[in-house]
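**Q**
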Amino acid sequence: MNAVNSIGVARPRIEGQAKVTGRARYAADKPMRDLAFGSVVVSTVARGRIRDIDVAAVKGMPGVLGVIDYRNAPRLNPEAGHFFGPDGGLQLLQDDVIPFAGRAVALVVAETLEQAKAAADTLPVTYDQEPHDTGFTADHPNARPAAPLFDGPEDIGDLEAELAASAVVVDERYHTPEEHCSAMEPHSATAWWEGERLQAIDSNQGPFFIATVLATLFSLGFEQVRVRTEHVGGGFGSKGMCGPQLVLATMGATLFRRPVRVTLTRDQVFLMTAMRPATEQPIRLGADADGRLRAIQHEPAFELSPLAEYIEGCTEPTKTLYAAPAIRTRNTAVPLDILPPYSMRGPGAAPGSFALESAMDELAERLGLDPLELRLRNEPAVGPVSGLPFSSRNLVACLRTGAERFGWATRDHRPRTRREGHLLVGTGMAATSFSVGAFPSVASITAEVDGTFTVIIAATDLGTGARTALTAIAADALAIDTERVRLRISDSELGPAWSAGGSRGTTSWAWAITEAAAQLRDQPRDPSRRVTVTVDTTQLLNDLPSMERHAYSAVFTEVTVDPATGEVRVRRLLGMFAVGQVVNPLTARSQVIGGMIGGLSMALHEEGVRDQVSGRHVNADFAGYHIAAHADVPDIEADFVPDYEPGIPFGIKGAGEIGNVGTAAAIANAVWHATGKRQRRLPIRLDRVV
Ligand code: MOS
């Protein structure tokens, strides 16, 4: 391998200027001739059937082209699904059944957005309501084992015997609410037909995968569908699946035979796109008096919709972080009449590590031990459950470096010992992991006659800097300057590629690009002729040895608590990360800081509130659903420890989600340290503090 020149160098985003000058077009921005607009009508009841949709009432309204509902909508293939199997969440306008409040019941199509919206707001829809159940508890009668899509049940050692032999046992229960991805850019799609070919511009996390789902849904050949995704204003998981906007825009284009654009309103983004399910997580930890864990039991329950299988894999970090002779994990699903939950910002690990790392802090308290020291004493030599070797594990480096930079050593571990005026002050920490790896992708590289290289992969840039990172990777893989790389991404036509999700985008795409570059460089070349090499990494990935592959982090924080109002302010937030080779320190740092803000927001603000009587989400907007604002966020410190993932090109791991994962527990632990009161329920609202 030639010298690496571009990877590891801080560079601003390639498209940064286009974005700040407004030249970058997002999905809803694209000017288009003959464009019609669809406005979505959603159900106001949580369960039942549609009695009537009075289409005649809006047919004569200005600009209205028509209404699509279950009576005239194109029939969808019920087999269409997501990664986890058939997805009933996608079966829009197929029947009169209302499975949850906020389900699309009609699309009004009109000449302008305003006309569509006016008619949609007017459209009379009546329902035959049926009793619904949206009340989540772990011991709900619907509770059943979660489908082992991943994060399956594990059982090693004799849990009860180890707990009985423990000097100290923590036996607590942690709760996290429904949370919403809330990307800045609402979901938008424009679809149109060119002859027999369906074209779409859509806001999503992976155009190839979305195109395959869309083709299956509409019973089309894959070559009949093209999905493009040029600039995306965040996804956080909610754009990982084929979104309702794309299904509905395609229906509109199909029925009205012209381009139709569907952009969800902010409340529809809450009501119709992925949310993190509420969780309830009992944990038992048993340890010797010296802090060595004997038993870890983590058996979370999460809510689900009967429409689509999903797993909130809360116990992933539990199987990774600490050694113990007995470990037991189980995931329980509770089907309810709710929006199908799906991946959101560090899915599973974020709520899971809140529970585990809070319980570890409680254990340290009961042992009278430094919580940092408790983690160090339980560092495993191999995967605690799997017995597999770790590919590279630099959690201890994160913990030690983070502690040193934070000034952890001087902490008095007793709670409620620091005051500044009327404020209580506390510090807290947490460690965590997030699984990493790569999925099969196809890249092609063309050596052009002008000495440049065209690099093609159906990657997506969610705003994280993927374009910039992949350009650096391609340059180093080809041993050229970045100026000679011409990158094409964001188009399903560019071939199969993994999505920007699961913290596996960059690694998956980098692998394919690196391999294509290696093959191109091995070819004898005539510089006057174009040469193209295309590589599929499926086989290479199959050959990758089985190991425990994770990114790690240690998060330290200082909070103040006003004992009169219960207001928590995060004053310091420091994260140390082991994410493999850092491709672009500028954008990677920005990404983990963004993740930590997400974690802060999860700790203190975010909570989807449901009215159980109506089954409806009552704060489906940015006024009611609080997300950390600038004034809530301190000057965050984030840095990387040296780390390199063996067996993966350039040693990349993936920094997409680890930033999010550890922060909530660190803050909850700091609030306990300030106040002496444990916070086992997120968010840490004022009324839960005082
Ligand atoms: Mo991510 S929440 O896996 O898109």
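If you're matching positions, the sequence shown starts at 8 in my numbering and goes up one per residue.
Where a beta carbon is used, it is the ideal one built from N, C-alpha and C, also for glycine.
1. Does the beta-carbon of S350, which I'm using as the reference point, lie nearer than 6 Å to any heavy atom of the ligand MOS?
2. Take A315 and list the residues in its own chain whose beta-carbon comes closer than 6 Å to its own, dropping the five residues that flank it on each side.
3. Are the beta-carbon atoms of A330 and P251 separated by less than 7 Å?
4. For a test of the three-state rule: what should DSSP assign to W200, helix, strand or coil?
5. Only counting runs of 3 or more residues, tell me where the beta strand (DSSP E) segments fall wholly within the segment 578 to 649, in order along the chain.
6. Can you give the Cα-Cα distance for I691 and V47, rounded to whole angstroms?
7. Would you list, in sequence order, the uninterrupted alpha helix (DSSP H) runs of no fewer than 4 residues that lie entirely inside the segment 505 to 588?
8. Can you give the Cα-Cα distance for L227 and F277, rounded to whole angstroms?
9. Within 6 Å: the Cβ of P354 and any heavy atom of the ligand MOS?
10. Tell me Y181's beta-bridge partners as DSSP assigns them.
11. Between which residues of its own chain and P503 is the CB-CB distance below 8 Å, once the five residues before and five after are set aside?
12. Looking only at DSSP bridge pairs, what is A315 linked to?
13. Taking DSSP as the reference, what is the three-state secondary structure of M8?
14. Could you give the first and the last residue of the continuous beta strand (DSSP E) run that contains A333?
15. Let me check one thing: in DSSP terms, what residues is F143 bridge-paired to?
16. Identify the continuous alpha helix (DSSP H) that holds R373 and give its terminal residues.
17. With respect to the beta strand (DSSP E) encompassing Q136, which residues constitute its N-terminal and C-terminal limits?
18. Kindly identify the DSSP beta-bridge partner or partners of A111.
19. Just to check, is the beta-carbon of G4 closer than 6 Å to a non-hydrogen atom of the ligand MOS?
20. Starting from the C-beta of A25, find all residues in its chain whose C-beta is less than 7 Å away, skip the five residues before and the five after it, and write them out in chain order.
21. Using a 10 Å radius around the Cβ and a threshold of 16 neighbouring Cβ atoms, would you call N9 buried or exposed?
22. How big is the Cα-Cα spacing for E323 and G259?
23. Below 8 Å on the Cβ atoms is my guess for C321 versus Q288; work out the distance and round it to an integer in Å.
24. Would you call M39 buried or exposed, if buried means 16 or more other Cβ atoms sit within 10 Å of its Cβ?
25. Indicate the three-state DSSP secondary structure (helix, strand or coil) for S499 in the structure shown.
26. Assuming V668 contacts A366 under a Cβ cut-off of 8 Å, what Cβ separation, rounded to an integer in Å, is found between them?
27. Using alpha carbons as the reference points, say which of F263, V456, D36 lies closest to L194.
28. From H305, R373, A174, E364, pick the residue whose C-alpha is nearest to that of R382; which is it?
29. Would you say the beta carbon of G250 comes nearer than 6 Å to a heavy atom of the ligand MOS?
30. Using 10 angstroms around the beta-carbon of M191, count the other beta-carbons present and answer buried if the total reaches 16, otherwise exposed.
31. Taking 6 Å as the cut-off, is the C-beta of G213 nearer than that to any heavy atom in the ligand MOS?
32. Starting from Q275, trace the alpha helix (DSSP H) both ways and give me its first and last residue.
33. Whole angstroms is fine: what's the gap from I306's alpha carbon to E490's?
34. At 3 residues or longer, and completely inside the segment 211 to 250: list those beta strand (DSSP E) runs for me, N to C.
35. Taking 7 Å as the limit between beta carbons, can you name the residues of its chain near V392, skipping five residues before and five after?
36. Who does G55 pair with in a DSSP beta bridge?
**A** The structure says:
1. As a first step, residue 350 is located in the sequence shown; it is residue number 343 there, counting from the start. Yes - the ligand MOS has a heavy atom lying nearer than 6 Å to the Cβ of S350.
2. Position 308 of the sequence shown, counted from the first residue, corresponds to residue 315. The residues are D94, G95, G96, P347.
3. Taking the first residue of the sequence shown as position 1, residue 330 is located at position 323. Taking the first residue of the sequence shown as position 1, residue 251 is located at position 244. It is not a contact, given that the beta carbons lie outside the stated cut-off.
4. Residue numbering aside, residue 200 sits at position 193 when the sequence shown is read from its first letter. Three-state DSSP puts W200 in a strand.
5. 644 to 647
6. Along the sequence shown, read from residue 1 onward, the residue named residue 691 stands at position 684. Along the sequence shown, read from residue 1 onward, the residue named residue 47 stands at position 40. If you take the alpha carbons of I691 and V47, they lie about 35 Å apart.
7. 512 to 529, 545 to 549
8. Residue numbering aside, residue 227 sits at position 220 when the sequence shown is read from its first letter. Residue numbering aside, residue 277 sits at position 270 when the sequence shown is read from its first letter. Between L227 and F277, the C-alpha separation is close to 30 Å.
9. Residue 354 sits at position 347 when you count from the first residue of the sequence shown. Yes - the ligand MOS has a heavy atom lying nearer than 6 Å to the Cβ of P354.
10. Reading the sequence shown from its first residue, position 174 is the one you call residue 181. Answer by DSSP bridge pairing, in chain order: Q288.
11. The residue given as residue 503 occupies position 496 in the sequence shown. Excluding residues within five positions, the ones whose Cβ falls inside 8 Å are F215, P447, S448, V449, A465, D543.
12. Looking up residue 315 in the sequence shown gives position 308. In DSSP, A315 forms a bridge with D94, S312.
13. One-based indexing of the sequence shown puts residue 8 at position 1. Residue placement at M8 is flagged as unreliable, the pLDDT there being 44, under the threshold of 50; the coordinate-derived value follows with that caveat. Of the three classes helix, strand and coil, the one that applies to M8 here is coil, per DSSP.
14. Position 326 of the sequence shown holds residue 333. Element bounds for A333: 333 to 336.
15. Residue numbering aside, residue 143 sits at position 136 when the sequence shown is read from its first letter. According to DSSP, which records beta bridges pairwise, F143 is partnered with nothing at all.
16. Locating residue 373 in the sequence shown gives position 366, where the first residue counts as 1. Looking at the DSSP string, the run of the alpha helix (DSSP H) that includes R373 is 356 to 374.
17. Counting from 1 along the sequence shown, the entry for residue 136 is found at position 129. Here the beta strand (DSSP E) through Q136 covers 132 to 136.
18. Residue mapping note: residue 111 aligns to position 104 of the sequence shown, counting from 1. DSSP lists V49 as partners of A111.
19. Because the chain here runs from 8 to 697, residue 4 falls outside it and cannot be looked at.
20. The residue you call residue 25 lines up with position 18 of the sequence shown. So the qualifying residues of the chain are A31.
21. By 1-based counting over the sequence shown, the position of residue 9 is 2. Model confidence at N9 stands at a pLDDT of 49, short of 50, so the residue's coordinates are unreliable and nothing is read from them.
22. Indexing the sequence shown from 1 puts residue 323 at position 316. Indexing the sequence shown from 1 puts residue 259 at position 252. Their backbone Cα atoms lie some 41 Å apart in a straight line.
23. Here the question's residue 321 lines up with position 314 in the sequence shown. Here the question's residue 288 lines up with position 281 in the sequence shown. Contact flag correct, Cβ pair sits at about 6 Å.
24. The residue labelled residue 39 in the question sits at position 32 within the sequence shown. Exposed, since its Cβ has fewer than 16 Cβ neighbours within 10 Å.
25. Working through the sequence shown from its first residue, we reach residue 499 at position 492. Note: S499 maps to helix in three-state DSSP.
26. Numbered from 1 along the sequence shown, position 661 holds the residue referred to as residue 668. Numbered from 1 along the sequence shown, position 359 holds the residue referred to as residue 366. So it is not a contact: roughly 15 Å between Cβ atoms.
27. Here residue 194 is taken as the residue at index 187 of the sequence shown, counted from 1. As written in the sequence, residue 194 is His, which differs from the Leu given in the question. Ranking the options by Cα distance to H194, first place goes to D36.
28. Here residue 382 refers to the residue found at position 375 when the sequence shown is read from its first residue. With distances taken between Cα atoms, R382 lies closest to E364.
29. Along the sequence shown, read from residue 1 onward, the residue named residue 250 stands at position 243. No, the beta carbon of G250 sits no closer than 6 Å to any heavy atom of the ligand MOS.
30. To locate residue 191, count along the sequence shown from 1; it is residue 184. Exposed, by the Cβ-count rule.
31. Here residue 213 refers to the residue found at position 206 when the sequence shown is read from its first residue. Result no, Cβ not under 6 Å from the ligand MOS.
32. The count along the sequence shown starts at 1 and reaches residue 275 at position 268. Note, Q275: alpha helix (DSSP H), 273 to 279.
33. Translated into positions along the sequence shown, residue 306 becomes position 299. Translated into positions along the sequence shown, residue 490 becomes position 483. Rather than Ile, the amino acid found at residue 306 in this sequence is Glu. Roughly 52 Å between the two C-alpha positions.
34. 232 to 235
35. Taking the sequence shown and counting its residues from 1, the one referred to as residue 392 is at position 385. Excluding residues within five positions, the ones whose Cβ falls inside 7 Å are E161, I163, K326, I334.
36. Taking the sequence shown and counting its residues from 1, the one referred to as residue 55 is at position 48. G55 pairs with I105, Q136.
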